[in-house]
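Remarks on the structure that follows.
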């Protein structure tokens, strides 16, 4: 890698680094080759055994870093299929709503109550809207009817 320096006083960045493809990545703490080795070790052995092997090989990696390398990257996008489920913060007293991206298998948001107005307000935000809704067919689904995009029905 080559490091370049800017001589101008008005320049806010004083150094620039050339990124070499296949060797390093932006904001990475290790080379792509080392990350590939650690990912392979973690996939074969798992958390603690992989960490023990890395210590024997004099590689600096703990079990949480190794497990993080094996996790698939989740794209931040609006969910296409949204699962809606109710749960109790405190049984009999307060309830909430969990919104889950069904395709990615991750929790998108947790609403503070289970009213249809809160769910409809969440759906009206264009960055969060999905195409399909799967969830309970009572108050929440009825509240989301006016604000969710509708698919044309084929006959």
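Residue numbers (the numbering used here): 30 to 184.
No residue lacks a Cβ here, since even glycine has one placed at the ideal position from N, Cα and C.
Three-way DSSP call (helix, strand, coil) for residue i in this model
i: residue 152; result: helix
i: residue 126; result: strand
Status (buried if at least 16 other CB within 10 Å, exposed otherwise) for residue i
i: residue 129; result: buried
i: residue 83; result: buried
i: residue 79; result: buried
i: residue 77; result: exposed
i: residue 90; result: buried
i: residue 112; result: buried
Whole-Å CB distance - residue i paired with residue j, under 8 Å assumed
i: residue 136; j: residue 150; result: With 8 Å as the limit, residue 136 and residue 150 do not qualify as a contact, their Cβ atoms being about 19 Å apart.
i: residue 71; j: residue 61; result: Wrong, their Cβ atoms sit about 15 Å apart, outside the cutoff.
i: residue 67; j: residue 95; result: 6 Å
Residue i versus residue j - alpha carbon distance
i: residue 146; j: residue 139; result: 14 Å
i: residue 43; j: residue 106; result: 35 Å
i: residue 63; j: residue 134; result: 29 Å
i: residue 187; j: residue 52; result: Given that the chain is displayed from residue 30 to residue 184, the structure contains no residue 187 and the question cannot be resolved.
i: residue 121; j: residue 74; result: 45 Å
i: residue 154; j: residue 108; result: 13 Å
i: residue 123; j: residue 114; result: 14 Å
i: residue 58; j: residue 86; result: 18 Å
i: residue 142; j: residue 148; result: 9 Å
i: residue 33; j: residue 131; result: 46 Å
i: residue 119; j: residue 125; result: 9 Å
i: residue 38; j: residue 98; result: 41 Å
i: residue 41; j: residue 48; result: 20 Å
i: residue 65; j: residue 144; result: 47 Å
i: residue 195; j: residue 92; result: Residue 195 lies beyond the range of the chain shown here (30 to 184); nothing can be said about it.
i: residue 35; j: residue 45; result: 8 Å
i: residue 50; j: residue 152; result: 41 Å
Distance cut-off 7 Å: residue i Cβ against heavy atoms of the ligand GTP
i: residue 95; result: Here there are no bound small molecules, and the ligand GTP is not part of this structure.
Query raised in the report: If you scan the segment 38–120 from start to end, which runs of the beta strand (DSSP E) of 3 or more residues do you find wholly inside it?
Result: For the segment 38–120, whole beta strand (DSSP E) runs of length 3 or above, ordered along the chain, are 44–46 and 110–119.
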